[in-house]
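Just below is one structure, and these are the notes that go with it.
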Amino acid sequence: MAFHYDTIADVNKAATQLGVSIPLQEDLSCLSQKLNAGGHTVANRLAIQPMEGCDGTPDGAPDELTLRRYRRFAESGAGLIWGEATAILPEARANPRQLMITSKNLDAFKSMVNDIKERCQAANGFEPVVIVQLTHSGRYSKPNGTPAPLIAYHCPPYEANGALPEDCILSDDELDRLPQAYAQAALLAEQAGFDGVDVKACHRYLLCELLSAYTRPGRYGGSFENRTRLLLDAVDAVRAALRKDTLVTSRLNIYDGAVYPYGFGMKQDGSLTPDLTEPLKLVEKLHRDRNIPLLDLTIGNPYVNPHVNRPFDQGPYDPPEDPLVGVARMADCIATVTEAFPDLAVIASGMSYLRQLSPCFAAGMVAQKGVAMAGFGREAFAYPSFAGDILKTGQMDTKKCCIACGKCTELMRMGQRAGCVVRDSAIYAPFYREGKESMK
Numbered sequence: 033m034a035f036h037y038d039t040i041a042d043v044n045k046a047a048t049q050l051g052v053s054i055p056l057q058e059d060l061s062c063l064s065q066k067l068n069a070g071g072h073t074v075a076n077r078l079a080i081q082p083m084e085g086c087d088g089t090p091d092g093a094p095d096e097l098t099l100r101r102y103r104r105f106a107e108s109g110a111g112l113i114w115g116e117a118t119a120i121l122p123e124a125r126a127n128p129r130q131l132m133i134t135s136k137n138l139d140a141f142k143s144m145v146n147d148i149k150e151r152c153q154a155a156n157g158f159e160p161v162v163i164v165q166l167t168h169s170g171r172y173s174k175p176n177g178t179p180a181p182l183i184a185y186h187c188p189p190y191e192a193n194g195a196l197p198e199d200c201i202l203s204d205d206e207l208d209r210l211p212q213a214y215a216q217a218a219l220l221a222e223q224a225g226f227d228g229v230d231v232k233a234c235h236r237y238l239l240c241e242l243l244s245a246y247t248r249p250g251r252y253g254g255s256f257e258n259r260t261r262l263l264l265d266a267v268d269a270v271r272a273a274l275r276k277d278t279l280v281t282s283r284l285n286i287y288d289g290a291v292y293p294y295g296f297g298m299k300q301d302g303s304l305t306p307d308l309t310e311p312l313k314l315v316e317k318l319h320r321d322r323n324i325p326l327l328d329l330t331i332g333n334p335y336v337n338p339h340v341n342r343p344f345d346q347g348p349y350d351p352p353e354d355p356l357v358g359v360a361r362m363a364d365c366i367a368t369v370t371e372a373f374p375d376l377a378v379i380a381s382g383m384s385y386l387r388q389l390s391p392c393f394a395a396g397m398v399a400q401k402g403v404a405m406a407g408f409g410r411e412a413f414a415y416p417s418f419a420g421d422i423l424k425t426g427q428m429d430t431k432k433c434c435i436a437c438g439k440c441t442e443l444m445r446m447g448q449r450a451g452c453v454v455r456d457s458a459i460y461a462p463f464y465r466e467g468k469e470s471m472k
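Residue numbering for the sequence shown follows our numbering, beginning at 33 and increasing consecutively.
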């Protein structure tokens, strides 16, 4: 059934009929409150999530469309801008236009970060906190435009067309070298002016995939200690390379939605039921043992089961559940973490499906579930000025909202530059048509 909700009462009624609960409230005042995150003052509780545009230069620097996107984000009024996936190595790029910070293009990143802060200051009266997301694309590596996967282990649900060649599996020795690559990229990011560094471990990219490497032998598979080793070693290497006042964080999957032993945060009964025992243990190692003050939490995989982390009612397949069930699952998983770690600043994901009612969901998660911030991803592609509208007028324009069609993700899968085909059609509809033609 297509999205048809006009009020909180409409959503609550439907959720009750589905047997789920979604925290919603009309009082949005909590979203205007400041937040201290690791010594950094965030002006409000709205964050722009990392949304990759696949539009950098061949050498990894931000290009014209990249700069356009971040200018719009800067002017939005969001207190935190979480920059998109930026590769740590050439072979780790997910596409030939993925950002990749190097000593040669450092000045281009410096210019972009300065522009973000200056534009936000001019438009909103404050500088946003700006984080860079460092990534190894792993299974999704495609640095030259054709698949060149680098995987942690063979995963049948992700290799439905046949097992990938054995030489795609990264050896322990190859993995051993990656923490230093993260640290080198992080140091460059700090020099570029980013306030924080995200060691990305979500959506089945390499560090995320290792969390479910139950069947892998050696130092990086099997036990919980082994499966979390590379993420924790990378965080340690990054922390050691940076100043104490630079944030170190992670966008982290706490539920994969893939049956055990091929998914993290899963019950071991062959079902798709969440079991957050191990994710909570990992959060403890990041927050308590390593003093990570801020985590950005998500679930699922936008390429394999997007209904899990980006609920939709129109998209690449018919979703196996009502989208409100997906919204509730995201809320429940994240609330489990905030309940266990009330002193951890958590950013919640999955806001966009509720369209003009998403501010009420954001406020409900902050006020009722203890999350620190509400993160908006695909909404920022469609409606980059959403934060200002929420904070200044207390509402969003239904004619500007993301309609959860998934075409931005389709553009990524096609190898095209990514953005909103519907709301930013002058730029992105031609890319979408070109991509469709190339697939015939």
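Even glycine gets a Cβ: it sits at the ideal position worked out from N, Cα and C.
D301 - DSSP class collapsed to helix/strand/coil: coil
For Q165: DSSP bridge partner residues: A117, D230.
Minimum C-alpha distance to K431 - residue among Q388, G451, C437: Q388
Nearest candidate by alpha-carbon position, reference G420, set A75, E257, E371: A75
Cβ contact check for the stretch 46-57 and the stretch 411-426: 3 or more pairs under 8 Å: Counting Cβ pairs under 8 Å, fewer than three are found: no touch.
Proximity below 7 Å, CB of D354 to CB of S282: Cβ distance not < 7 Å, so D354 and S282 don't count as in contact.
Y385 versus G228: straight-line alpha-carbon distance, rounded: 28 Å
Residue range of the unbroken alpha helix (DSSP H) whose run includes S390: 390-401
Host alpha helix (DSSP H) of F141 (start-end): 138-156
Residue interval of the alpha helix (DSSP H) (run including L423): 418-425
Proximity winner among L423, C440, K439, A412, relative to R101 (alpha-carbon distances): A412
Unbroken stretches of the alpha helix (DSSP H), 4 residues or longer, contained in the stretch 40-128: 40-50, 96-106
Contact belief for G85 with E116 at Cβ below 8 Å, rounded distance in angstroms: 7 Å
Three-way DSSP call (helix, strand, coil) for N337 in this model: Coil at N337, not helix or strand.
Selected residue, minimal CA-CA separation from A69, among D205, L308, D328, G297: D328
Three-state class that DSSP yields for D277 in the structure shown: coil
Inter-residue spacing [alpha-carbon to alpha-carbon] between L219 and P211: 12 Å
M446 classed as buried or exposed, judged by whether at least 16 other C-beta atoms fall within 10 angstroms: buried
Residues of its chain near L97, where Cβ-Cβ distance is below 8 Å and the 5 sequence neighbours each way are ignored: G85, D87, R449, G451, I459
C-alpha gap between Y349 and P338, whole angstroms: Their Cα atoms are separated by approximately 10 Å.
Boundaries (first-last residue) of the alpha helix (DSSP H) holding D204: 204-208
Beta-carbon proximity of G382 to M362, cut-off 7 Å: yes
At least 3 beta-carbon pairs within less than 8 Å: the stretch 178-195 vs the stretch 145-160: Contact fails: fewer than three Cβ-Cβ distances are below 8 Å.
C-alpha distance - I286 paired with M298, whole-angstrom precision: The straight-line gap from Cα to Cα measures roughly 9 Å.
Straight-line Cα distance separating C234 from Q57: 29 Å
Nearest to G438 (by Cα), restricted to the options N333, A404, S390, A399: N333
Candidates G157, L112, T167: closest to I133 by CA position: T167
Which of helix, strand or coil DSSP assigns to G296: A quick correction: the sequence has Phe, not Gly, at residue 296. Reduced to three states, the DSSP call for F296 is coil.
8 Å contact criterion, which M397 and A377 should meet: CB distance rounded: Actually they are not in contact, since the Cβ atoms of M397 and A377 sit about 13 Å apart, beyond 8 Å.
CA-to-CA distance, P249 to P160, given in whole angstroms: Looking at the two C-alpha atoms, the distance is approximately 43 Å.
Whole-angstrom distance between N127 and S169, CA atom to CA atom: 9 Å
Proximity to G71 [Cα-Cα], best of R104, G302, P325, Q427: Comparing Cα positions, the closest option is P325.
Proximity winner among L207, Y294, A266, D199, relative to S244 (alpha-carbon distances): A check of alpha carbon separations from S244 across L207, Y294, A266, D199 identifies Y294 as the nearest.
CB contact flag (L182, E222, <7 Å): Not closer than 7 Å, so no.
Proximity below 7 Å, CB of A372 to CB of L314: no
Beta-carbon separation (whole angstroms), Y252 vs L242, contact threshold 8 Å: Confirmed, Cβ separation roughly 6 Å.
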